[in-house]
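Take a look at the structure set out below.
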Amino acid sequence: MSPIMRFILRRVGFLFLTFIVFMLIIFALPRAIPGNPLSTLLSQLFQQAQANPELIKAVYKRLMDEFGVGKPVHIQFIDFISRTLRGDLGTSIAFYPRKVGEIVAAYLPWSLGLLIPATLTSWIIGNSLGALAGYKRKSAVDNLMLPVFLTLSQTPYYWLAMILLYVFAVNLGVFPIGGAYSSGRIPSLTFEFIADVLSHYILPFLSIVLSAMGGWAIGMRVMVIYELGADYINYADSLGLPDRKLLRYVFKNSMLPQITGLALSFGTILGGSLITELVFNYPGTGYLLFRAISTLDYPLIQGVFILLISTLLLANLIVDFVYAYIDPRIRTGYLGE
Amino acid sequence: MVSQLIRDLLRIKKFDLSVAIFSSILIIGLVGPIVYEVDPVKMIGPPEQPPSEKYPLGTDSYGRDLLAQLLHGIRNSIYIGLTAAAISLAIGVTIGALSGYRGGVADSSLMLITDVVYALPSIMLMMLIAAYLKERNPIFVALVIGVTSWPWVARAVRSQMLSLKSRDFIYMSRMAGLSDIKIIFEDLIPNMASYIFMAFVLLMSGAMIAEAGLSMIGLGVTRGVSLGIILYWAQLLESVRRGIWWWFIPPGACLVALATSLLLLSTALDEYFSPRLRGG
């Protein structure tokens with residue numbers, strides 16, 4: 107087996123294990139927390155049965171069924187996993203009788219459409235600026251950029267979003283004040299509709315890019331400073347290699363940890379962008395999650411998390427592929443993991 | 005030795021600046037609520053008043069005093085940050101130290117657990133756990149943040165441990181027949197003190213930001229005020245679209261200042277302790 111294959115297989119195994127552990131957490135939480143939220147929910151529903159007996163009884167029965175109340179725990183867990191793997195995420199309570207999978211599927215594209223471009227853009231800009239600051243360290247450029255990066259990296263996306271929204275949409279009126287497209291418009295592939303979507307997209311996109319950028323820049327700056335002081339650079343420099351060539355070496359070596367970092371920070375960025383959606387009333391999963399939380403719709407909460415985590419683990423796998431392709435140590439089997 | 009260390013540190017501008025910012029906000033949070041005796045959750049005046057002499061930071065939609073909320077919010081946010089950081093640190097250092105010192109099966113199984121938790125975004129785990137808690141007091145919130153944020157600390161402590169444990173003084177302790185626990189806690193961990201302190205500082209800033217995030221999605225403390233809770237109320241009642249800037253700007257600015265000062269502090273310590281970053 108080639109070293110690359112071995113690396114990828116090991117990563118697939120690891121990510122699958124992570125997924126199972128995550129499912130175990132999702133499964134155990136409602137059953138383990140004192141006061142058992144599940145039984146509270148069920149008894150609440152039961153008490154409301156007088157108001158609308160038929161509907162509530164149907165919901166109640168469905169919930170009992172889906173949570174496998176009364177069956178042994180290990181059977182419940184196996185049922186849960188196998189249903190999830192078949193794509194059945196259960197039935198929503200607040201949107202009864204709609205299926206959770208179907209509801210989340212309507213919201214997920216908006217979130218991913220915001221998250222993926224914003225993450226990649228912030229990664230590219232942040233790393234380039236960070237490399238520049240590291241290369242010109244202690245210069246005016248570095249002294250100006252570093253405090254900005256430090257502050258941006260600690261600024262919650264949604265707070266920056268609030269400020270951008272206040273300045274550019276509320277005060278200056280340059281951008282719309284929320285949503286993904288103007289109300290009344292019907293989604294279509296016309297130029298007008300796309301332009302409308304873009305004008306709604308810019309502020310949420312900018313809030314994520316700007317605040318995520320800081321962290322990348324700080325990491326890259328430190329990495330470049332370390333690499334510039336490394337023996338191989340001193341040696342290459344003493345041989346009289348041109349600066350451009352040295353910089354290419356430095357950049358390549360500093361890049362690798364940043365690619366691993368990309369996989370690790372998807373989750374954090376996703377968490378932040380979910381809340382940013384709230385600020386803009388953006389119809390993504392963050393907005394859906396907020397509604398699910400405020401109505402205690404546990405099947406929907408679970409479903410949102412299962413789909414988000416699956417997406418993240420998949421993204422991790424893609425980053426692994428890229429990493430295996432770029433890092434020569436994996437190609438030659440020098441590095442085990 | 006300690007006074008020499010402090011004298012050296014005080015010479016670093018970043019260190020001075022970060023300590024100054026952090027401690028002034030801390031003091032405001034500690035002393036503020038005692039000096040400014042207004043109930044943060046009681047209606048005390050007309051709603052949505054801009055800052056004035058009577059209401060220094062204005063009032064919210066329920067006519068509650070926003071300065072009082074901010075003072076109590078700072079206090080609670082720092083409290084949650086400190087507690088959560090202490091919990092994470094305890095878990096992370098224990099796992100990392102055991103893993104690095106023992107090696108072998110213990111190491112690989114502990115690191116597997118760490119990697120699995122690391123691969124699951126902590127903010128999502130926090131939301132998931134908090135969603136099932138009906139009553140959330142500050143301790144619960146700190147606990148939820150603490151038990152999900154430790155993996156990177158465990159990894160970092162483990163690698164420090166690996167490089168420390170082959171030093172001569174550890175062999176001496178071992179030859180003297182000291183127990184593993186004793187060696188870990190009396191020889192190894194004190195030698196990582198500066199490193200552990202930096203981890204604590206970073207954990208704390210992360211925890212305060214996490215608290216705000218949890219609050220924003222509707223999973224913050226259920227009673228009392230924190231910086232995140234003020235932002236949550238401001239968001240819920242559309243303060244941004246209605247132009248009530250005095251509601252959402254101060255709590256966010258305090259949060260950013262607190263978190264940035266802590267990051268700056270850890271950067272300053274990092275530069276002090278690793279000469280490659282310090283040099284010209």
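Chains A and B are the protein sequences, given in the same order. Every position in the first sequence, counted from 1, becomes a number in the numbering used here once 106 is added. Every position in the second sequence, counted from 1, becomes a number in the numbering used here once 4 is added. We put the beta carbon where it would ideally sit given N, CA and C, even for glycine.
Query raised in the report: Residue range of the alpha helix (DSSP H) that L192(B) falls in?
Result: Run containing L192(B): none; DSSP gives neither H nor E here.
Query - Neighbour list for V127(A) in chain B, Cβ cutoff strictly below 7 Å - result: V120
Query raised in the report: Are the beta-carbon atoms belonging to L323(B) and W249(B) less than 8 Å from one another?
Result: A query on residue 323(B) cannot be resolved here, the shown segment of chain B reaching from 5 to 284 and no further.
Query raised in the report: What three-state label does DSSP hand M47(B) in the structure shown?
Result: strand
Requested in this report: Report back the beta-carbon spacing between L123(A) and V120(B) to the nearest angstrom; my notes put them in contact at under 8 Å.
Outcome: 6 Å
**Report entry** Distance between G335(A) and G284(B) (C-alpha atoms, nearest Å)
**Finding:** Note that G284(B) scores a pLDDT of 41, beneath 50, so its modelled location is shaky and nothing firm can be said.
Query raised in the report: Are the beta-carbon atoms of M329(A) and S360(A) separated by less than 8 Å?
Result: yes
**Report entry** is_contact[G228(B), chain A] using C-beta, thresh 8 Å
**Finding:** no
Requested in this report: Mind checking who T197(A) pairs with in its DSSP beta bridge?
Outcome: K205(A)
Query raised in the report: How about the segment 19-28 of chain B and the segment 57-73 of chain B: do they share at least three Cβ pairs that are nearer than 8 Å?
Result: no
Query - Pairwise C-alpha distance: A398(A) and Q182(A) - result: 23 Å
Query - Under 9 Å (Cβ pairs) to chain E, residues found in the segment 12-34 of chain B - result: This model lacks chain E altogether, as its protein chains are A and B.
Query raised in the report: With 8 Å set as the bound, which would you pick, yes or no: does the beta-carbon of W229(A) sit closer than that to a beta-carbon of chain B?
Result: no
Requested in this report: Can you give me, in chain order, the residues of the segment 187-199 of chain A that have a beta carbon less than 7 Å from any beta carbon in chain B?
Outcome: none
Query raised in the report: Does any CB atom of chain B fall closer than 8 Å to the CB of Q364(A)?
Result: no
Query - Of the residues T118(B), F144(B) and I117(B), the one placed nearest M130(B), counting alpha carbons only - result: F144(B)
Query raised in the report: What's the call for R354(A), buried or exposed, on a 16-neighbour Cβ count within 10 Å?
Result: exposed
Report task. Please list, in chain order, all residues of the same chain as P44(B) whose beta carbon is under 7 Å from its beta carbon, the five residues on each side excluded. Result -> R68, D69, A72, Q73, H76 and V229
Query raised in the report: In terms of residue numbering, what span does the alpha helix (DSSP H) encompassing D119(B) cover?
Result: G108 to A123
Query raised in the report: Taking only beta-carbon atoms, is I399(A) less than 8 Å away from chain B?
Result: yes
**Report entry** V157(B) beta carbon less than 8 Å from that of G104(B)
**Finding:** no
Query raised in the report: In terms of DSSP beta bridges, what is R68(B) paired with?
Result: M47(B)
Query raised in the report: Is T190(A) helix, strand or coil by DSSP?
Result: helix
**Report entry** As assigned by DSSP and simplified to three states, the class of H306(A)
**Finding:** helix
**Report entry** Pairwise C-alpha distance: G290(A) and F173(A)
**Finding:** 39 Å
Report task. Specify the secondary structure class of T152(B) as computed by DSSP and reduced to three states. Result -> coil
Query raised in the report: Straight-line CA distance for V97(B) to I127(B)?
Result: 21 Å
Report task. Could you give the DSSP three-state label for E443(A): helix, strand or coil? Result -> Confidence at E443(A) is low in this model, with a pLDDT of 44, below 50, so its placement is unreliable and the value that follows should be read with caution. The answer is coil: DSSP assigns E443(A) none of H, G, I, E or B.
**Report entry** Closer than 8 Å to chain A by CB, L86(B)
**Finding:** no
Query raised in the report: Are any of the Cβ atoms in chain A nearer than 8 Å to that of Q164(B)?
Result: no
Query raised in the report: Per DSSP, what kind of secondary structure is T391(A) in: helix, strand or coil?
Result: helix
Report task. Please state whether DSSP places T63(B) in a helix, a strand or coil. Result -> strand
**Report entry** Identity of the residue in D343(A), M111(A), P293(A) and P178(A) nearest A212(A) by Cα
**Finding:** P293(A)
Report task. Give the secondary structure of G240(A) by DSSP, where H, G and I count as helix, E and B as strand, and everything else as coil. Result -> helix
Requested in this report: Indicate whether I139(A) and Y136(B) have their beta-carbon atoms separated by less than 8 Å.
Outcome: yes
**Report entry** Closest Cα partner of L268(B) within the set K17(B), S163(B), L182(B) and S7(B)
**Finding:** K17(B)
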